[in-house]
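Okay, structure first, notes after.
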Amino acid sequence: MADLAVDLAGLSLRNPLILASGIWGESGDSLSGAWDAGAGAVITKSIGSVARPGYPNPTVEPLDPGGMLNAMGLPNPGIDEYPAEIARAREHGVLLIGSVFGGTPEEFGELAGRMAATGVAALELNLSCPHAEGYGTEIGSDPEDVAAVVRAVVRQVRIPVFAKITPNAADLPALARAAEKAGAHGISAINTVRAMAIDPELERPVLAHGLGGLSGPAIKAIGVAAVWQIAEAVRIPVVGVGGIRSATDVIEYLLAGATAVEIGTAVATDGIGIFGRIAADLARALDDRGVRRVGEIVGRARRGFAVPSAEAPTPGRGAISRSP
Amino acid sequence: MADLAVDLAGLSLRNPLILASGIWGESGDSLSGAWDAGAGAVITKSIGSVARPGYPNPTVEPLDPGGMLNAMGLPNPGIDEYPAEIARAREHGVLLIGSVFGGTPEEFGELAGRMAATGVAALELNLSCPHAEGYGTEIGSDPEDVAAVVRAVVRQVRIPVFAKITPNAADLPALARAAEKAGAHGISAINTVRAMAIDPELERPVLAHGLGGLSGPAIKAIGVAAVWQIAEAVRIPVVGVGGIRSATDVIEYLLAGATAVEIGTAVATDGIGIFGRIAADLARALDDRGVRRVGEIVGRARRGFAVPSAEAPTPGRGAISRSP
Amino acid sequence: MHRIVAIDRRVPETPSTVTWRFRDPTPAAPGQFVMVWVPGDDELPMSLSYTDGETKGVTVKAMGATSRRIQEIPPGTRIGIRGPYGNRFALTPRRLLIVGGGSGTAVLAPGAEALRRDGAEVVGALGATTAAEMLFAERLRSAGARIELATDDGSLGHAGYVTEVADRLLGEPGRFDAVWTCGPEVMMRKVALAARARGVPAFGSVERQMKCALGMCDACALGPYHVCVDGPVFPAETLLGLSEFGRSKRDPSGRLVPV
Amino acid sequence: MHRIVAIDRRVPETPSTVTWRFRDPTPAAPGQFVMVWVPGDDELPMSLSYTDGETKGVTVKAMGATSRRIQEIPPGTRIGIRGPYGNRFALTPRRLLIVGGGSGTAVLAPGAEALRRDGAEVVGALGATTAAEMLFAERLRSAGARIELATDDGSLGHAGYVTEVADRLLGEPGRFDAVWTCGPEVMMRKVALAARARGVPAFGSVERQMKCALGMCDACALGPYHVCVDGPVFPAETLLGLSEFGRSKRDPSGRLVPV
Ligand SMILES: Cc1cc2nc3c(=O)[nH]c(=O)nc-3n(C[C@H](O)[C@H](O)[C@H](O)COP(=O)(O)OP(=O)(O)OC[C@H]3O[C@@H](n4cnc5c(N)ncnc54)[C@H](O)[C@@H]3O)c2cc1C
Ligand SMILES: Cc1cc2nc3c(=O)[nH]c(=O)nc-3n(C[C@H](O)[C@H](O)[C@H](O)COP(=O)(O)OP(=O)(O)OC[C@H]3O[C@@H](n4cnc5c(N)ncnc54)[C@H](O)[C@@H]3O)c2cc1C
Ligand SMILES: Cc1cc2nc3c(=O)[nH]c(=O)nc-3n(C[C@H](O)[C@H](O)[C@H](O)COP(=O)(O)O)c2cc1C
Ligand SMILES: Cc1cc2nc3c(=O)[nH]c(=O)nc-3n(C[C@H](O)[C@H](O)[C@H](O)COP(=O)(O)O)c2cc1C
Ligand code: FES
Ligand code: FES
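What follows is the structure, encoded as structure tokens:
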């Protein structure tokens, strides 16, 4: 049986399947439940400095085909209250990654320190907070902002720090490189993709917030592209996120260069049992291809691949693969 | 019967349904065919300075759910040869918009002048060309680049110029404002979304180019968000593109603020008859809601809409809609 | 993937509750709820008070600001519906006791009606603050249920808590093979304890903050459960085992606050 | 949405053609093609030379650099398949003449076999440059077709163009109720004209540059048609009406170049 364990920036994960931030992340019992269901690690919901109720409903709208739209508005009980939930999950033995969000590098640094003090094994920085509401950009869309946030955080903590990259930016490799240079230990990609639905009958936005973020299978190819580009640009590990619903999806991300993956929306569509199912399927799929450890296939899609020219036809591009 | 005609930056379209660039755009006969099928205008494929074969196959991969991945590599016969195709379509009476792409503002200006000389009614600037192959950014992801291109083009021509915006950028309103300020007469949004597929069995990218662009229903919510944001930011008309397959989709874009829309991938999934079908359905749908001219519903989803706060619960947000 | 329905009929039930009936052919079962979007206002979870056929219904109680505001919307208003979500009451009892507190009866009524149609015996103990607030007593009577009432102010039926009526009824050994309850959690806790004492299996429908209704966002976390997918109906034994039941719930930010 | 198949059998047919057989249960009809992706190399349109049952086949002719290169891939190689795409030969003729030039016979063979199984009469006029390059003559004979051959160098059958054989066969009035042809366009044009002269409906399968195979990218534009969805099989009358037929095609950039 293939060994699913992975080393992720020093964290020992029993398998590469991580619960994504914002899903089952409000209560310590839920975090424990995701762990019991087979997740290799679980990420808390993104915690800020003060309690926020988030946007009013509707905050979520399932879309066809295969998309999930949400604008929760980062509801969270604030860093004063949340450690109680973490304590509960830690008692349960959960491998925890604490997610935090802030508006400035200083706020990120402060939050990171307090989150680390709860005993989480690592941090994930949610860099997708709007710079200023009403404008299209996020703090995570500018390499310098990203670097400043990461620098402020790594100064405060001794645990691995993952920078979670937004897809709503032009140059994802540049963002990832900025985070790496500033001291991040890993990159998570991607967060949700800016999107919106309007009810054609009622003639108004469906979400109370209007704009939202798209997740689920509809964004898988966007996430895979991000991982592919980022894994080429940095040496720190990349965690792939976006639209994963099966072991095949996980393999696609691993081949693109992800060391581990996060699963979010599939918990809604397939139930929390998705972790156990994918872990079993993944082990079988690796066995079938004669792979003993997950790490062997990480980035393997790059083997023999070269970008062709669009200016003139290219002759034979690389090796031909045979069945095993 | 509702009047489908729209005025788009001075162009009189018999309906708001435009054939998107890169679809049925290689031959004059195909452009004519799309017109005969009921398109309100047709856009040529993006033409450059010299003939390019594009990337080798596979250049296209249909994805589940509802996505189409492509990396054609901007194949085109070049501006020397292409005018013959335009002449053929013009003879047929087609309302033509010429799309051009270039690597620098100067090249765009030169191409725009030559394209305008063929007698097309308007230009669309494809601003999604990679700045430099291998890097993640496009010439259209930087507001200053966009402004420089638009300035170079409007100096050369006297016909309306549409800047086609990439979704692979942080701040779409900023790009649109830059184009508007530089003299563009309209904004088209969006082009394809950066994406990729890896074959899990063969362990290699499916497209010869590796990275590609996602189109089709999977990106509709991304396109609607872009139009919503851009329409708020500029005064020039916005043309909505991305994932349109039905009259309901068109209405969603119109409500978000689009004056007209473009249809691409649906030609593959539904056939060219999609133009006639949507036009008929759209007229019926407008009749049903008592709308006489398409223009009446443009941007109407903004009526009474306000962004709520995520920091504290909001009381009643705007009017309640009743059935007619 | 919500759908739009128009409120066909607006039925004021009591001074503080109103029922909206709307055409919606999507099948639903007693106990399930829908997310009701009042455009321009909020989206709230609402149990279906009518689950049969093509005309469904929800019964809205004026509780906080939102539910008060939306009570006023007139017939013809178009609202968005997602669902039905959640689990259902098992329609297996042959001798059922329902214990409804206030608008909680709305959750119990469609299942009680279904069992009556099926020939089962249904007894209802319904409580309200005052006579005018008594909900669905007539509806259940005309379905053939035996109904006993209680009001806090004694204006109708027993003067006092409905749990006292329920206690008395449960005191007749072997009379019931199941109890369903919905109402304030303190009430449901009492009913659950009484049923446990008599060895009668009981089920309660609970409410928690809801956002996604899809088992994803964790807003409705209740111990290890998510009310939106694992509930809203839980065995009373499960509820009694939860430290939060009857004591705390989460506010929209996820903070635990008293119920 | 391609699928991966392994080449089960590699059958060298002539010095310049090889057939790949592979398991693919997706139904297909004679005349249709698939997009064949040779990983690490190109993706090319290939007509199915075997359309029946679960084991399909394509017959690859060494034409340019790519088709030469991929001819060498060994059995066991996994390739990607999309499709089948395009239209089909109508299986209605009862007295069919097929006229195949070179590897074009591969396109005609499965339909001819199907008609034979159905009891129809099939006569084949097959041409090649030389005897060794004659494709599928035995296959069609064993299906019960009467086969007449022609080679440019006279090494087998009639010395000269296969169109001369076809002309002769078509000269027998009323003998055929349909003609199918596939091969170089100059050849197909001659067959089309001969069939028109005799009043026999004819159908030709044509090739053009292909990228999407979905009727979107316009690479395969042929007059007002798209070969990938409106073709590859066209009535000969349609082809004769197209100024491009037998004269020009588009290169990968979309430029019109001579066929
Ligand atoms: C599964 C489910 C089914 C539901 N079904 C119905 C239904 O059929 N009919 C219906 O009217 N409501 C139902 N609700 C409750 C409804 O969704 C709202 O929570 C309720 O209308 C209050 O909303 P509000 O915004 O007006 O009040 P809020 O502003 O949220 O609260 C106002 C005040 O009411 C109190 N309050 C809120 N909810 C309750 C409660 N459940 N019990 C006691 N006090 C409360 C609060 O503590 C606060 O003091 C259901 C909830 C869930 C989770
Ligand atoms: C619908 C369709 C079905 C096809 N079915 C088959 C099939 O079953 N078997 C098969 O081998 N090929 C088939 N082809 C052709 C095949 O897809 C390639 O075009 C062919 O293999 C040449 O590719 P290449 O890259 O090797 O040659 P290129 O590099 O494209 O061309 C090399 C040389 O061959 C010439 N050439 C290319 N194609 C043709 C042609 N069709 N006729 C005459 N000369 C040509 C070119 O002009 C050039 O001189 C089909 C094409 C289409 C569109
Ligand atoms: C309801 C919901 C809430 C989310 N909340 C957060 C959050 O608080 N912090 C964060 O970094 N990402 C958040 N995300 C993004 C997810 O972690 C993930 O990046 C994204 O959904 C893509 O993965 P998926 O397709 O598997 O869901 C949220 C996503 C959803 C659907
Ligand atoms: C095969 C293909 C080729 C395209 N070529 C071009 C192009 O040359 N120029 C351009 O501006 N956009 C091009 N596009 C983008 C489309 O015009 C359109 O913006 C995008 O596909 C989204 O719309 P859709 O979902 O309706 O296809 C192409 C898209 C596809 C699928
Ligand atoms: S409401 Fe989101 S998990 Fe239940
Ligand atoms: S191959 Fe693209 S339209 Fe035919």
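Protein chains in written order, with the numbering used here: chain Y, 7 to 330; chain L, 7 to 330; chain C, 18 to 276; chain G, 18 to 276. Using N, Cα and C, we set each Cβ at its ideal position, and we do this for glycine too.
Here L/Ala-169 carries a strand assignment [DSSP, helix/strand/coil]. For a Cβ distance threshold of 8 Å, residue set Met-233, Cys-234, Asp-235 of chain G lies close to L/Ile-29, ordered along the chain. In the structure shown, L/Pro-59 adopts coil according to DSSP, grouped into three states.
In terms of beta-carbon proximity, L/Tyr-88 stays away from the interface with chain Y, with every pair separated by 9 Å or more.
Remark: the C-beta of C/Cys-229 is in contact range of ligand 3, defined as less than 8 Å to any heavy atom. Bounds of the beta strand (DSSP E) holding C/Gly-100 are 95-102. Taking each of C/Ala-209, C/Ala-145, C/Leu-108, C/Pro-241 in turn and checking the Cα distance to Y/His-98, the smallest one comes out for C/Pro-241. Proximity of chain C to Y/Thr-271 at the Cβ level (cut-off 8 Å) is accounted for by Met-233, in chain order. With distances taken between CA atoms, Y/Ala-40 lies nearest to Y/Ala-95 out of Y/Ile-257, Y/Ala-188, Y/Ala-95, Y/Gly-119.
For G/Pro-56, there is no enclosing beta strand (DSSP E), since its DSSP letter is neither H nor E. Pairwise C-beta distances place the stretch 287-295 of chain Y out of contact with the stretch 36-50 of chain Y, as fewer than three of them are shorter than 8 Å. Between the alpha carbons of C/Phe-220 and C/Arg-213 lies a distance of about 11 Å. Pairing L/Ile-228 with L/Gly-248, the inter-Cα distance amounts to about 8 Å. The alpha-carbon separation between L/Ala-127 and L/Gly-119 amounts to approximately 13 Å. Nearest to C/Ala-145 by C-alpha distance, out of C/Thr-109, C/Arg-192, C/Lys-78, is C/Lys-78.
Cβ proximity to chain L below 7 Å picks out Ala-227, Ile-228, Val-230, Ala-231, Trp-234, Gln-235 from the stretch 227-252 of chain Y. The beta carbon of G/Pro-252 sits no closer than 9 Å to any beta carbon of chain L. One thing to note: G/Val-22 has its Cβ within 9 Å of the Cβ of G/Arg-95. The alpha-carbon separation between L/Ser-27 and L/Pro-173 amounts to approximately 16 Å.
Look at C/Met-18 here: in three-state DSSP terms it is coil, with no helix or strand label. In this structure, the C-beta of Y/Met-78 approaches ligand 3 to less than 8 Å from one of its heavy atoms.
Taken through DSSP and simplified to helix, strand or coil, Y/Thr-254 comes out as helix. C/Ala-176 and C/Asp-169 have their C-alpha atoms roughly 6 Å apart. Residue environment analysis places L/Asp-294 among the exposed positions, since fewer than 16 neighbouring C-beta atoms fall within 10 angstroms of its C-beta.
Contact annotation for Y/Asp-35 against chain C: Ala-238, Gly-240, Pro-241 [CB-CB distance below 8 Å, chain order].
Those residues of the stretch 199-210 of chain L placed with their C-beta closer than 9 Å to a C-beta in chain Y are Val-199, Arg-200, Ala-201, Met-202, Ala-203, Ile-204, Asp-205, Pro-206, Glu-207, Leu-208, Glu-209, Arg-210, ordered along the chain. Think of a sphere of 9 Å around the beta carbon of Y/Gly-277: the chain C residues whose beta carbon falls inside it are Gly-232, Val-246, in chain order. For L/Asn-82, the beta-bridge partners assigned by DSSP are L/Arg-58. Between G/Trp-197 and G/Leu-256, the C-beta spacing is not below 9 Å. If the five residues before and after L/Gly-216 are omitted, its C-beta is found closer than 8 Å to the C-beta atoms of Ala-77, Met-202, all from its own chain and listed in chain order.
Sorting L/Glu-317, L/Arg-298, L/Val-304, L/Val-313 by C-alpha distance to the C-alpha of L/Met-7 places L/Arg-298 at the top. Between L/Gly-246 and L/Gly-305, the C-beta spacing is not below 9 Å. Between ligand 6 and G/Met-233, a heavy atom-to-CB distance of less than 8 Å is present. Of the residues G/His-243, G/Pro-249, G/Thr-36, G/Gly-232, the one whose Cα lies closest to the Cα of G/Ser-120 is G/Thr-36.
For a cut-off of 8 Å, the C-beta gap from Y/Val-163 to Y/Ala-190 is around 12 Å, too long to register as a contact.
The residue among G/Lys-228, G/Phe-50, G/Ala-148 with its C-alpha nearest the C-alpha of G/Gly-74 is G/Phe-50.
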